[in-house]
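K.L.:
Submitted below is the structure of interest, expressed as structure tokens.
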Amino acid sequence: MKNIKLAARESRPPTVVNAGGVEIGSGFSVIAGPCAVETEEQTVTTARAVQAAGADVLRGGAFKPRTSPYAFQGLGIEGLKILAVAGAETGLPIITEVLDPRDVSWIAEYADILHNGTRNMQNFALLKEVGRADKPVMLKRGMYSTLEEWLNCAEYILGEGNPDVILCERGIRSFEQYTRNTLDLAAVPALRELTHLPVIVDPTHATGRPSLVGPMSMGALAVGAAGIMVEVHCNPAEALCDARQALTMDAFASLMGRLRGLETYLAAQASESEVTG
Amino acid sequence: MKLDDIRRKVDKIDRELLVLLHERMGLALRARRFKDEVVDAEREEAVLERAGRLNLSLVEQSFGQQLLRTIIEESKRLQGEARELVAFQGEHGAYGELAARRLAPDAAHAPCLEYADVFDGVEQGYFDRGVVPVEHSLEGSVTQVNDLLIKTTASVVGEVNVPVSHCLMAVEASDYRELRVVYSHPEALAQCAGFIERLKLEPRPFYDTAGAAKMLARENPRGAAAIASPLAAELYDLAILKEGIDDGPPSSTRFLLLAQEPLTAPPGGKSKCSTIFATAHEAGSLFEVLRLFAESQINLTRIASTPRRDDPGNYTFFLDFEGRPEDEKVAPVMDELKKRTIEMKFLGSYPVDNGEGAEK
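Residue numbers (this note's numbering), protein chains in the order written: chain A, 2 to 278; chain B, 3 to 362.
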């Protein structure tokens, strides 16, 4: 990985990204919320529920990259305004996706973290633009990309002067069709060997099945991820985007309980091994 | 143009017609102050006759005249109501109008081009009352208004703090990605300098925040936005792209309410007094004045100074304090103050704005 300089592990101690008061890279951070902002009521209801369950950051798409041009494309600026309302109601920082370099400065006015999606991992014009923004960037792994290609993209952002990059593993394409993608959990410990940047996992898009989101979230925590990003909807069946993929609010709350339990256990194990080791 | 576009234009025209009517009714109320009686048959005849001469093929003469007659009837009804007229500087939707709405919710609010027009109108009785900004919580005194306060014969009868809530707005159909310039009052542009820079917009000074919004709605220059209050966006049918775009901590502007006569019996609750004075150019003379207030335990709420226009090098002081002139501890201080200053003017005593009655 000869061209990985700024992102390389040796270049600096582990990065902790401060996003609207939440430290990603220190402990286990949970980003949750709907796939897309549909209405103020849906967004605020979901935001309150995920906050009550213990989420750290609220997600929600205002600009949506859809496979079909006829599918719901997001509410745009109106969606950002709704996210701002939900953020003010709950105190949660906001992460939202940016698709177009022309939108970066506008979205940066509303969001605490810019979400650079999987389809845009190698959109170099966009990478440069988010690199110039004054907000942290969550860079998702391209669905066909190697770790080296991915880190090169992080290098673009870092090279523009933005040090706050979070990597997000979201599954890669394989021959398996039961799951939407194949979650590459090994990427998490591998990246911890390669880079100082925090790595989180998106089990929702990786599996496309709510029943698998819980187990893979626990797996992400166990392999040392800095957090997860999961989709939660107040009524998953009615969602305008990626319906039936999101967790219900109850399922999310129950998952949070299990995650915090495992986190406590792992922390106790770590301090014990420090004492005995 | 397809049906949707045509309808959008029609809606826009309807809205403009109503906003223009609002302005016309306001002018009718102002005109009433110059007339002995509501009805002026000669003038009505002239208005209708002029409309008749206008050659508009789609607006038939009879229809045009009938419409104007309806409008004139409504103006006369309003004039008959003898509504209170409260002046503010700027166009409808300016922060001054927000202040006027808070201080006199039931009055008709009259826009004025200059601060001096507000003062003149109140002094001469064309307006019942007027609102003027006296200081910003971050920028300090509004110099022009303070100068006018020194000279005015009007009294201060109220105050209100209006939170600054700047919004970026543009014509509904315009694409935010195409925005290049932003129009507003220089003060508002300065308060939003960080935002303007981050979005790579070019600031263009304009005489008034709401005036910029109005211009945008009427002329729709290419790639242009305006910074003004949410009320301006509502009045001129502009889409708000971002609220709360000012850089610093939340700020507010303090407005004073002016009237010809001072309040004789201010309502219960906390009161405040505003005074203006000049002291002799001698060591300790200002200190002597301030000591009067300190020793009587009177809380000062504002002290500002401005150079005297007629005597540069000497200063006029603005002093606001809590209490009423007839209060036991205030009355002796006021007597003493007259003795120890070379000039002293009591602007008025009025209820303190405690934030109640604030608009949501």
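All C-beta atoms in this analysis are idealised placements derived from N, C-alpha and C, irrespective of residue type, glycine included. Here the structure is a predicted model, which is why all the values come from computation and not from measurement.
So if DSSP puts I96 (chain A) in a beta bridge, which residue, or which two residues, is it bridged to?
P.N.:
Bridge partners of I96 (chain A): A:R60, A:I114.
K.L.:
Please name the residue or residues paired with I73 (chain B) in a DSSP beta bridge.
P.N.:
DSSP output for I73 (chain B) lists no bridge partner at all.
K.L.:
With DSSP as the reference, identify every bridge partner of P188 (chain B), one or two as the case may be.
P.N.:
Looking at the DSSP assignment, P188 (chain B) forms no beta bridge with any residue, so it has no partner.
K.L.:
Three-state secondary structure (DSSP) at F36 (chain B)?
P.N.:
F36 (chain B): coil per DSSP, three-state reduction.
K.L.:
Assign K11 (chain B) to one of three DSSP states: helix, strand, or coil.
P.N.:
In this structure, K11 (chain B) counts as helix in the three-state DSSP scheme.
K.L.:
On the DSSP letters alone, give me the boundaries of the alpha helix (DSSP H) that Y117 (chain B) sits inside.
P.N.:
Taken as a continuous stretch (DSSP letters only), the alpha helix (DSSP H) holding Y117 (chain B) covers 117–126.
K.L.:
Hey, would you say L140 (chain A) sits closer than 8 Å to A155 (chain A), going by beta carbons?
P.N.:
Their beta carbons are under 8 Å apart, which means L140 (chain A) touches A155 (chain A) by this criterion.
K.L.:
Can you tell me where the alpha helix (DSSP H) with A279 (chain B) in it begins and where it stops?
P.N.:
Rather than Ala, the amino acid found at residue 279 (chain B) in this sequence is Phe. First-last for F279 (chain B): 273–280, but that is the beta strand (DSSP E), not the alpha helix (DSSP H).
K.L.:
Is the CB-CB distance between L152 (chain A) and I108 (chain A) below 8 Å?
P.N.:
Taking 8 Å as the Cβ cut-off, L152 (chain A) and I108 (chain A) do not qualify as a contacting pair.
K.L.:
Taking the C-alpha atoms as reference points, what is the distance between P113 (chain B) and C194 (chain B)?
P.N.:
Each residue's Cα considered, the two are about 25 Å apart.
K.L.:
Quick check: what's the CA-CA separation for A240 (chain A) versus S176 (chain B)?
P.N.:
Rounded to the nearest angstrom, the two C-alpha atoms are 29 Å apart.
K.L.:
Verify the CB distance criterion: does R179 (chain B) have a CB-CB separation below 8 Å to chain A?
P.N.:
It does: the Cβ of R179 (chain B) has a partner Cβ on chain A nearer than 8 Å.
K.L.:
Please determine, among A:C242, A:R174, A:A247, A:A252, the residue with the shortest C-alpha to C-alpha distance to Y71 (chain A).
P.N.:
Closest option to Y71 (chain A), Cα to Cα, is A:C242.
K.L.:
Could you confirm whether any beta carbon from chain B is found closer than 8 Å to the beta carbon of G21 (chain A)?
P.N.:
No - not a single Cβ of chain B is within 8 Å of the one on G21 (chain A).
K.L.:
In angstroms, rounded to a whole number, what distance separates the CA positions of A228 (chain B) and G132 (chain B)?
P.N.:
Roughly 26 Å between the two C-alpha positions.
K.L.:
With 8 Å as the threshold, decide whether the Cβ of S106 (chain A) is near any Cβ in chain B.
P.N.:
Taking Cβ atoms only, chain B reaches closer than 8 Å to S106 (chain A), which makes this a yes.
K.L.:
Give the C-beta separation of T200 (chain A) and A226 (chain A) to the nearest angstrom, bearing in mind that I take them to be a contact with Cβ-Cβ under 8 Å.
P.N.:
First, the residue type needs correcting, since residue 200 (chain A) is Val and not Thr in the sequence shown. Contact holds; Cβ gap of about 6 Å.
K.L.:
Could you confirm whether any beta carbon from chain B is found closer than 8 Å to the beta carbon of R245 (chain A)?
P.N.:
So, not an interface residue.
K.L.:
Return the first residue and the last residue of the alpha helix (DSSP H) that A48 (chain A) is part of.
P.N.:
Note, A48 (chain A): alpha helix (DSSP H), 41–54.
K.L.:
Is the Cβ of R103 (chain A) closer than 8 Å to any Cβ of chain B?
P.N.:
So, interface residue.
K.L.:
Would you kindly work out how many angstroms separate the C-alpha atoms of G160 (chain A) and V166 (chain B), rounded to a whole number?
P.N.:
Cα to Cα, G160 (chain A) sits roughly 38 Å from V166 (chain B).
K.L.:
Please confirm whether R200 (chain B) has its beta-carbon closer than 8 Å to some beta-carbon of chain A.
P.N.:
True, the Cβ-Cβ gap to chain A drops below 8 Å.
K.L.:
Are the CB atoms of P204 (chain A) and L184 (chain A) within a distance shorter than 8 Å?
P.N.:
Their beta carbons are under 8 Å apart, which means L184 (chain A) touches P204 (chain A) by this criterion.
K.L.:
Tell me whether S274 (chain A) sits in a helix, a strand or coil according to DSSP, three-state version.
P.N.:
The answer is helix: DSSP assigns S274 (chain A) an H, G or I state.
K.L.:
Between the C-alpha atoms of L265 (chain B) and D57 (chain A), what's the straight-line distance to the nearest angstrom?
P.N.:
Rounded to the nearest angstrom, the two C-alpha atoms are 55 Å apart.
K.L.:
Under 8 Å between C-beta atoms, does E98 (chain A) make it to chain B?
P.N.:
It does not; no Cβ of chain B falls within 8 Å.
K.L.:
Got a sec? Which residues, its chain only, sit under 6 Å from P252 (chain B) by beta carbon, not counting five neighbours each side?
P.N.:
Excluding positions up to five away in sequence, the list is empty.
K.L.:
I want to know whether the stretch 119–130 of chain B touches the stretch 181–188 of chain B - three or more CB-CB distances under 8 Å.
P.N.:
No, because fewer than three Cβ pairs between the stretch 119–130 of chain B and the stretch 181–188 of chain B fall closer than 8 Å, the two stretches do not touch.
K.L.:
What does L243 (chain B) reach in chain A if we use C-beta pairs closer than 7 Å?
P.N.:
The answer, in chain order, is I78.
K.L.:
Could one say the Cβ of E110 (chain A) lies closer than 8 Å to chain B's Cβ atoms, at least one of them?
P.N.:
So yes, E110 (chain A) belongs to the interface.
K.L.:
For G359 (chain B), which of helix, strand or coil comes out of DSSP?
P.N.:
Residue confidence for G359 (chain B) is low, a pLDDT of 48 falling below 50, so the modelled location carries little weight; the figure read from the coordinates is stated next. DSSP places G359 (chain B) in coil when its eight states are reduced to three.
K.L.:
Could you give the C-beta distance for G173 (chain B) and L240 (chain B), rounded to a whole number, given that I count them as a contact under 8 Å?
P.N.:
Gly is not the amino acid found at residue 173 (chain B); the sequence shown has Val there. At roughly 6 Å, the Cβ-Cβ gap stays under 8 Å, so V173 (chain B) and L240 (chain B) are in contact.
K.L.:
Alpha carbon to alpha carbon, how far is L80 (chain B) from D130 (chain B)? Give it in angstroms, no decimals.
P.N.:
Answer to the nearest angstrom: the Cα atoms are 16 Å apart.
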